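Number of protein chains: 2
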Amino acid sequence: MAAFMSAAAPYPVERLAEEDTLSLAERAYRRLRDSIVQGALPPGSRISERSLAAALGISAQPVREALRRLEQDGMVVTLPRRGTVVAEFGPERQAEMGRIRAALEGAAAALAAERADAATLAALEAQLQAMQEATEAGRPDLVSAANERFHALIHGATGNVFLIRSLAALRAFDHVGRVRALNSTPKELPRALREHAGILAALQARDPETAEARMRAHVLRSLEVGGLLPHRPDRRRRTP
Amino acid sequence: MAAFMSAAAPYPVERLAEEDTLSLAERAYRRLRDSIVQGALPPGSRISERSLAAALGISAQPVREALRRLEQDGMVVTLPRRGTVVAEFGPERQAEMGRIRAALEGAAAALAAERADAATLAALEAQLQAMQEATEAGRPDLVSAANERFHALIHGATGNVFLIRSLAALRAFDHVGRVRALNSTPKELPRALREHAGILAALQARDPETAEARMRAHVLRSLEVGGLLPHRPDRRRRTP
DNA sequence: TCATGAAGGCTGCCATAGCAGATGGCACAT
DNA sequence: ATGTGCCATCTGCTATGGCAGCCTTCATGA
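Residue numbers (UniProt numbering), protein chains in the order written: chain Y, 1 to 240; chain P, 1 to 240.
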């Protein structure tokens with residue numbers, strides 16, 4: 001049970017909120033989510049509200065809330081009066097979640113193109129610049145951080161709670177696959193940079209359709225690089 | 001507080017599970033959600049865990065869980081130690097949720113095209129037939145019911161919990177607008193029928209791209225008919 | 001040997017009680 | 001009349017305990 005005592009978590013965006021002021025349920029949720037995506041809690045692991053609460057040193061109530069959220073995210077499945085188990089997500093599950101994320105990121109980009117204010121656009125430009133410098137410096141870790149912030153800014157620009165929460169869960173889901181994609185080939189970093197620039201251009205031009213298409217293609221291609229989706233050179237076949 | 005005592009709920013799909021065996025939290029969630037989307041709890045209404053629990057005749061714990069889920073759905077917003085309030089969702093919010101739903105429904109259709117089994121395809125054909133007959137009989141209510149089941153079948157065919165839950169929340173969100181769209185003009189029913197037929201054809205052809213495109217267009221157009229999105233005759237402008 | 005069933009230990013679920021933080025009003029001083 | 005500090009009262013949040021199902025187990029009987 002020492003897994004829950006791990007210190008760091010790889011999602012700097014959410015760290016902005018003070019760790020101490022967060023509710024116990026929220027902390028338990030993030031901790032469990034990180035433990036699952038990092039493999040500390042492999043699929044099939046049985047999770048008991050009581051024992052987990054004891055391991056975390058808190059009551060069973062916040063733990064229960066955290067498990068409920070994880071269930072909504074599809075990370076655990078609980079049979080009533082039976083137990084809660086970490087869900088199985090093999091490659092096909094990962095691919096599913098990735099395609100769903102591509103769709104939602106596209107919708108977020110479209111909405112952001114309509115209502116992003118000047119400050120947000122400036123912040124996006126700053127993150128793009130940071131990504132550029134990190135790319136030239138050959139620092140994939142900094143690129144990854146700027147990448148996360150870039151997307152988080154777009155999510156926030158929509159002002160839609162449902163979208164923000166869903167995308168936060170989905171991005172946490174395949175965070176590991178995303179950094180792996182960035183480190184795959186040396187050509188990957190500048191390509192991601194170019195795509196981000198294209199997305200930002202569409203946002204500045206207030207063009208929802210283009211922003212959505214580019215963002216969607218960006219996510220899908222990063223999934224292919226990460227090995228979660230098969231490469232599809234031909235996407236033009238149609239049904240009569 | 002008699003609003004929570006209302007009997008019927010307009011989502012026949014979820015009624016398949018026995019009402020008695022559902023947890024109190026689940027029942028409270030659906031009840032509150034229906035009360036909100038039907039306007040019984042207008043935006044800005046303050047909701048107290050305790051008083052609401054007393055009105056429902058249950059403890060505060062299940063009510064709290066229901067409120068957390070509604071918060072994830074973006075229907076309520078709660079300030080810590082301050083209170084919970086029904087969120088404001090004017091036309092622009094409705095439009096947002098509609099576009100998000102279009103994106104997710106598209107993803108669901110794409111996944112369903114890959115892994116829907118023969119039984120599901122047959123069931124979809126049956127619902128299409130039912131929709132056809134209801135259309136010819138001039139029964140918009142039956143068309144609406146078959147419509148909901150058609151989409152629910154596709155959602156279930158994906159086998160993705162996250163997708164299923166998200167779409168259930170989104171569809172509950174603008175259920176009223178959807179029936180209004182179906183009853184808008186007499187040409188609407190056969191058009192929806194044709195679009196469904198086209199989607200099913202793409203599913204049977206195992207063509208994810210076409211299925212996604214058609215489903216997405218179908219949802220977007222129904223949103224336009226419902227007045228939630230402006231009509232966009234030209235969608236081909238691009239950013240250089 | 002094998003079916004059976006009762007008991008104990010699990011599980012998630014719910015009710016109750018009490019906590020700290022936030023709010024509004026009121027008395028008081030300026 | 002206005003600013004100020006205190007207190008009753010509200011809120012969401014958490015801890016504790018007990019409930020009803022589910023599952024395993026082992027003694028009992030045929």
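Every residue, glycine too, gets a C-beta built ideally from N, C-alpha and C. Small disclaimer: the values here were computed from a predicted structure and weren't measured.
Taking residue i as the reference, give the member of the options with the closest Cα.
i: isoleucine 223 of chain Y; options: Y:Arg149, Y:Arg178, Y:Arg191, Y:Arg194; result: Here the sequence assigns leucine to residue 223 of chain Y, which means isoleucine is not the residue at that position. Cα-wise, what sits closest to leucine 223 of chain Y is Y:Arg178.
i: aspartate 117 of chain Y; options: Y:Glu195, Y:Gly227, Y:Gly156; result: Y:Gly156
i: arginine 180 of chain P; options: P:Leu24, P:Val77, P:Ala197, P:Val143; result: P:Val143
i: arginine 206 of chain P; options: P:Glu188, P:Ala168, P:Lys187, P:Glu114; result: P:Glu114
i: threonine 21 of chain Y; options: P:Gly57, P:Ile58, P:Ala201, P:Pro80; result: P:Pro80
i: valine 37 of chain P; options: P:Gln94, P:Gly138, P:Ala197, P:Ile58; result: P:Gln94
i: glutamate 188 of chain P; options: P:Ala168, P:Gly138, P:Ala201; result: P:Gly138
Keeping to the same chain, check which residues put their C-beta closer than 7 Å to that of residue i; ignore five residues upstream and five downstream.
i: alanine 121 of chain Y; result: Position check: residue 121 of chain Y holds leucine in this sequence, whereas alanine was assumed. Result list for leucine 121 of chain Y: Leu203, Gln204, in chain order.
i: arginine 33 of chain Y; result: Leu70, Met75, Ala172
i: serine 166 of chain P; result: Leu104
i: asparagine 183 of chain Y; result: Pro140
i: alanine 197 of chain P; result: Leu128
i: alanine 201 of chain P; result: none
Buried or exposed: residue i, going by 16 or more other Cβ atoms within 10 Å of its Cβ?
i: glycine 106 of chain P; result: buried
i: threonine 84 of chain Y; result: buried
i: leucine 16 of chain Y; result: Residue placement at leucine 16 of chain Y is flagged as unreliable, the pLDDT there being 42, under the threshold of 50; a coordinate-derived value is accordingly withheld.
i: glutamine 72 of chain P; result: buried
i: aspartate 141 of chain P; result: exposed
i: glycine 44 of chain P; result: exposed
i: leucine 163 of chain Y; result: buried
i: arginine 99 of chain P; result: buried
i: serine 35 of chain P; result: buried
i: glutamate 88 of chain P; result: exposed
i: glutamate 92 of chain P; result: exposed
i: alanine 211 of chain Y; result: buried
i: alanine 119 of chain Y; result: exposed
i: leucine 52 of chain P; result: buried
i: alanine 2 of chain Y; result: No answer about alanine 2 of chain Y holds up, because its pLDDT of 34 lies below 50 and its placement is not dependable.
Going by the beta-carbon positions, is the gap between residue i and residue j smaller than 8 Å?
i: alanine 66 of chain P; j: tyrosine 29 of chain P; result: yes
i: alanine 103 of chain P; j: leucine 104 of chain Y; result: yes
i: alanine 40 of chain P; j: glutamate 49 of chain P; result: no
i: threonine 158 of chain Y; j: alanine 108 of chain Y; result: yes
i: isoleucine 154 of chain P; j: alanine 192 of chain P; result: no
i: histidine 175 of chain P; j: isoleucine 199 of chain P; result: no
i: leucine 124 of chain Y; j: proline 62 of chain Y; result: no
i: alanine 146 of chain Y; j: alanine 130 of chain Y; result: yes
i: isoleucine 47 of chain Y; j: valine 86 of chain Y; result: yes
i: leucine 170 of chain Y; j: arginine 82 of chain Y; result: no
i: glutamate 136 of chain Y; j: asparagine 160 of chain P; result: no
i: arginine 216 of chain Y; j: glutamate 195 of chain Y; result: no
Excluding the 5 residues flanking residue i on each side, which residues of the same chain have their C-beta closer than 6 Å to its C-beta?
i: histidine 231 of chain P; result: Glu224
i: glycine 227 of chain Y; result: none
i: arginine 64 of chain Y; result: Glu49
i: leucine 220 of chain P; result: Ala102
i: alanine 168 of chain P; result: none
Short of 8 Å in beta carbon distance, which residues of its chain neighbour residue i, apart from the five on each side in sequence? Order them along the chain.
i: glutamate 209 of chain Y; result: Ala110
i: residue 248 of chain P; result: Chain P is shown only over 1 to 240; residue 248 of chain P falls outside these bounds and no answer can be derived.
i: proline 190 of chain P; result: Thr135
i: proline 42 of chain Y; result: Val86
i: isoleucine 58 of chain Y; result: Leu24, Ala28
Legend entry - Any beta strand (DSSP E) of 3 or more consecutive residues that is wholly inside the segment 154-225 of chain P: The segment 154-225 of chain P contains no whole beta strand (DSSP E) run of 3 or more residues.
Inset, instruction - Could you tell me which uninterrupted beta strand (DSSP E) segments, each at least 3 residues in length, are contained entirely in the UniProt domain "HTH gntR-type" (22-89) of chain P, listed from first to last along the chain? - result: When DSSP assignments are scanned along the UniProt domain "HTH gntR-type" (22-89) of chain P, the uninterrupted stretches of beta strand (DSSP E) that are 3 or more residues long and fall wholly within it turn out to be 76-79, 83-86.
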